[in-house]
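Working notes for the structure below.
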Ligand code: PLP
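Numbering (the working numbering), first residue to last: 50 to 481.
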């Protein structure tokens, strides 16, 4: 595995994490290339190579940098983007446009124009008005866009409410009411300006059970059947989203991709046979499961406050600015003193950040060794939605990111400087 303890020190993908902290400073995101490649290989072996006419589009919202684009391109995956900024990053990295898929519940006209201009692989349309905008853009540019409709299957999955997306009361996707979905499908099938390829759903994130994926699949397969019966249209493509859960703590029982995908593929295969259509091309959009466990964050311990009979707070030099997930949806993490990795965990503390919010807690009730100022504390499984959701709250600069592989470390994101942080700020003449 990527995490090893040697000489009382935590090593990650062969790198001494205490040395990394010394060389690059803290807070520091450390990303293991080996771990990313392992996940991509699992996807290839158990899905892409096992089933023909399949694609995996890495959901780049989980973690996107130019270097990540290079890894994903090299590993042969496609890329899911959800904004002009993500699209720009991928294009800047030289990612092939035809392997990019654009999602998003409120794409701007400018973002859609960019997507059409670049000739990206798919636009996942989130509503009828979006179709009209795309049609107008394609008409003007003399192009035709390949599109899918994102639908909301109306399934509630077992995850935090903020990362559940497939239920009916959702800002994402098109609801499956007959009077809404069928006119939309008919319009897309008959459009001169788009190639309508099928449907997309994404039920939620950090799921350990395949139940909601399978339930949603049944509902969308029924839609495919109805579409065939109503319009004679044999859906050529189905995107079944991401959401495959990872291990943050010992309580997380994460499963291999096959646990989700094999029963889905079996269902789709049988369904296609019964309906007498070619099985649609199947696309998945894993984000967290590729990058989550590939990342750790290193912090330096600062102030320690032992409030007798209440709680012991151990403050670190980052917090909700580099990992908003605990504050946003009570996400749980585990960690370890990287420079005392073998020492007995005799203390129970709350690892908190340095931001002016009481909710700025990274790990509540962590079982740790006796910590003191200057220790290096590593929080595990921070690769997904950490850097991606980072902020400058309290004018804290964004951390640096290093990519590690077999004992070698390379900087892939420089630490933000104070100067860079205020570079877009202006003082108008009236205040000078
Ligand atoms: N696809 C879509 C449309 C999403 O909204 C998300 C996450 O919110 C993902 C894929 C990736 O999900 P995950 O990171 O859980 O795999």
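Yeah, the Cβ is synthetic: ideal placement off N, Cα and C, and Gly gets one too.
What residues are listed by DSSP as bridge partners for residue i?
i           : result
residue 60  : 53 and 65
residue 286 : 247 and 330
residue 415 : 398
residue 89  : BP columns for residue 89 are empty, so no partner.
residue 426 : 348 and 386
residue 364 : 401
residue 102 : Answer is none; residue 102 lacks a bridge partner.
residue 172 : 151 and 196
residue 457 : 454
residue 224 : 201
residue 81  : 453
residue 256 : 293
residue 462 : 450
residue 410 : 401
Quick check on DSSP: helix, strand or coil for residue i?
i           : result
residue 309 : helix
residue 354 : strand
residue 128 : strand
residue 198 : strand
residue 186 : helix
residue 165 : helix
residue 338 : helix
residue 452 : strand
residue 107 : strand
residue 112 : coil
residue 447 : coil
residue 475 : coil
residue 420 : coil
residue 359 : coil
residue 144 : coil
residue 191 : coil
residue 134 : helix
Under 7 Å Cβ to Cβ from residue i, same chain only, skipping five residues before and after it: list those, please.
i           : result
residue 163 : 133 and 136
residue 467 : 446
residue 121 : 107 and 128
residue 435 : 78, 344, 346, 371 and 372
residue 193 : 187, 242, 243 and 244
residue 285 : 246, 247, 329 and 330
residue 61  : 51, 52, 79, 81, 345 and 453
residue 276 : 234, 282 and 284
residue 274 : 324
Using a Cβ-Cβ cutoff of less than 8 Å, which residues in the same chain neighbour residue i once the five nearest sequence positions on both sides are dropped?
i           : result
residue 67  : 58, 59, 387, 388 and 425
residue 393 : 418
residue 180 : 174, 196, 233, 236, 237, 240 and 243
residue 522 : Any question about residue 522 goes unanswered here, given that the chain covers just 50 to 481.
residue 298 : 381, 382 and 383
residue 146 : 140, 167, 168, 169 and 170
residue 295 : 255, 301, 303, 337, 338, 341, 342, 430 and 433
residue 443 : 370, 403, 404 and 405
What do you get for residue i, buried or exposed, if any count of 16 or more other CB atoms within 10 angstroms of its CB means buried?
i           : result
residue 54  : exposed
residue 402 : buried
residue 448 : buried
residue 249 : buried
residue 314 : buried
residue 99  : exposed
residue 255 : buried
residue 474 : exposed
residue 440 : exposed
residue 149 : buried
residue 300 : exposed
residue 90  : exposed
residue 405 : exposed
residue 76  : buried
residue 480 : exposed
residue 407 : exposed
residue 88  : buried
residue 199 : buried
residue 156 : buried
residue 65  : buried
Leaving out five residues on either side along the sequence, give the residues of the same chain with a beta carbon under 6 Å from the beta carbon of residue i.
i           : result
residue 291 : 108, 334, 335 and 336
residue 355 : 361
residue 391 : 54 and 57
residue 352 : 364
residue 348 : 75, 76, 365, 366, 367 and 426
residue 153 : 131
residue 73  : 449 and 451
Q. Is it true that the region 381 to 391 meets the region 115 to 125, where meeting means three or more beta-carbon pairs spaced less than 8 Å apart?
A. Result no; under three Cβ-Cβ pairs closer than 8 Å.
Q. Hey, is the region 141 to 148 in contact with the region 446 to 464, meaning 3+ C-beta pairs nearer than 8 Å?
A. When C-beta atoms of the region 141 to 148 are compared with those of the region 446 to 464, fewer than three pairs fall below 8 Å, so the two segments do not count as touching.
With a cut-off of 8 Å, do at least 3 Cβ pairs link the region 361 to 373 to the region 317 to 327?
-> Not touching, per the Cβ criterion.
Count the C-beta pairs between the region 72 to 85 and the region 448 to 458 that are closer than 8 Å, then say yes if the count reaches three, no if not. Enough Cβ pairs lie closer than 8 Å, so yes.
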